[in-house]
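Novice: Okay, handing you the structure first.
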Amino acid sequence: MQLASHELFNLKELIASCYNTVTCMGNFIQQAQDPELKSMLEKHYPKHIEDYNMKVKFVQQPNTPDFEQFQPDELMPKLNNFTQAPMMQPANAPRLDAVTHNDREIALAYLLNQKAAAKDYAASAVECANPQLRTFLENAFLNSSHHSYEIWQYMTEKGYYPLTAAQQGDIQAIGGMYQEVQQYPFRPDSSFDQQQPLQ
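Numbering (the numbering used here), first residue to last: 6 to 204.
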């Protein structure tokens with residue numbers, strides 16, 4: 006498989022990240038006590054294995070794998086309020102003697118894993134020369150973004166993650182710094198009926 010040197014370096018890092026995800030998730034599924042958390046991890050797990058396998062195939066096989074078969078899971082919003090957590094758990098400190106992980110630790114580890122993976126996929130995609138690989142990385146970004154959103158919602162509902170509304174005064178201060186563009190220099194789409202050429 007022909008790859009630019011930076012693409013191969015990025016793939017090396019992404020494969021290692023996926024290797025870690027697949028290994029840790031298998032362990033997390035065994036340790037999770039909350040049926041909701043366990044079910045979410047079991048639902049996400051096959052997609053991470055598929056993601057890992059696609060990247061391994063890409064660097065091992067002479068022909069480009071069928072990246073079209075990898076499609077991101079859908080975004081699943083379910084919170085009723087996107088600015089306030091329904092509850093908050095009491096403060097606690099990291100455990101220094103943990104042998105197994107509790108549900109809060111599992112959820113946090115998975116959230117941080119998926120947020121980091123999404124950022125790495127996005128950074129790699131915008132530097133990718135191979136259009137097929139670029140599309141795969143974009144889909145992998147969406148998948149990790151959607152998975153991180155789902156586990157974030159779980160943590161927010163359980164009171165493991167803070168969510169507070171922005172102050173109205175701050176919103177108004179930022180909003181007051183800008184005005185919308187009222188005219189367009191050209192008509193890129195005829196559906197924009199209000200566009201007028203600049204004089």
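Don't be surprised by glycine CBs; every beta carbon is placed ideally from N, CA and C. Treat the numbers as computed from the prediction; the structure is a model and nothing was measured.
1) Provide the residue span of the alpha helix (DSSP H) that contains GLU132, from first to last.
2) Going by alpha carbons, who is nearest to ILE111 out of ASN97, ARG192, PHE33?
3) Buried or exposed: which applies to LYS60, given that a residue is buried once 16 or more other Cβ atoms fall within 10 Å of its Cβ?
4) Taking Cβ to Cβ, would you say LYS163 is nearer than 9 angstroms to GLN89?
5) May I ask which residues mark the beginning and end of the alpha helix (DSSP H) holding GLY164?
6) Buried or exposed: ALA145, going by 16 or more other Cβ atoms within 10 Å of its Cβ?
7) Three or more C-beta pairs under 8 angstroms: does that hold for the region 137-155 against the region 113-128?
8) Mind the definition here: the region 99-106 touches the region 161-180 only if three or more C-beta pairs lie below 8 angstroms; say whether that holds.
9) Cβ atoms of PHE75 and LEU138: under 9 angstroms apart, would you say?
10) Check whether the Cβ atoms of PRO70 and THR161 sit closer than 9 angstroms, and answer yes or no.
11) Would you report the Cα separation of ASN223 and GLN177, rounded to the nearest angstrom?
12) Taking all protein chains shown into account, do 16 or more other C-beta atoms lie within 10 angstroms of the C-beta of ASN15, making it buried, or fewer, making it exposed?
13) Using the C-alpha atoms, what's the distance from LYS52 back to GLU79?
14) Enumerate in chain order the residues of its own chain whose CB-to-CB distance from LEU42 is below 7 angstroms, with the five nearest sequence positions on each side excluded.
15) CB-CB under 8 angstroms to GLY4, same chain, minus the five flanking residues each way: which ones, in chain order?
16) Only counting runs of 4 or more residues, tell me where the alpha helix (DSSP H) segments fall wholly within the region 30-92, in order along the chain.
17) Would you decide whether SER10 is buried or exposed? Buried here means 16 or more other CB atoms lie within 10 Å of its CB.
18) State yes or no: is the C-beta of THR105 within less than 9 angstroms of the C-beta of GLN173?
Specialist: Taking the geometry as given:
1) GLU132 -> no alpha helix (DSSP H), and no H or E assigned at all.
2) Nearest C-alpha to ILE111 among ASN97, ARG192, PHE33: PHE33.
3) Buried, by the Cβ-count rule.
4) Inclusion of LYS163 and GLN89 in the CB contact set at 9 angstroms is not warranted, their separation being larger than that value.
5) Where GLY164 is concerned, there is no enclosing alpha helix (DSSP H), because DSSP gives it neither an H nor an E.
6) Within 10 angstroms of the beta-carbon of ALA145 lie 16 or more other beta-carbons, which makes it buried.
7) In short, these stretches touch, since the Cβ pair count reaches three.
8) Because the criterion of three Cβ pairs below 8 angstroms is not met, the region 99-106 and the region 161-180 do not touch.
9) Taking 9 angstroms as the Cβ cut-off, LEU138 and PHE75 do not qualify as a contacting pair.
10) Result no, Cβ atoms of PRO70 and THR161 do not sit closer than 9 angstroms.
11) The structure shown has nothing for residue 223, since the chain only spans 6 to 204.
12) It counts as buried.
13) Their backbone Cα atoms lie some 12 angstroms apart in a straight line.
14) So the list reads ASP108, ILE111, ALA112, TYR159, once near-sequence residues are dropped.
15) Since the first residue shown for the chain is 6 and the last is 204, residue 4 is missing from the structure and cannot be characterised.
16) Complete alpha helix (DSSP H) runs here, min 4: 40-65.
17) So SER10 counts as exposed.
18) Their beta carbons are not under 9 angstroms apart, which means THR105 does not touch GLN173 by this criterion.
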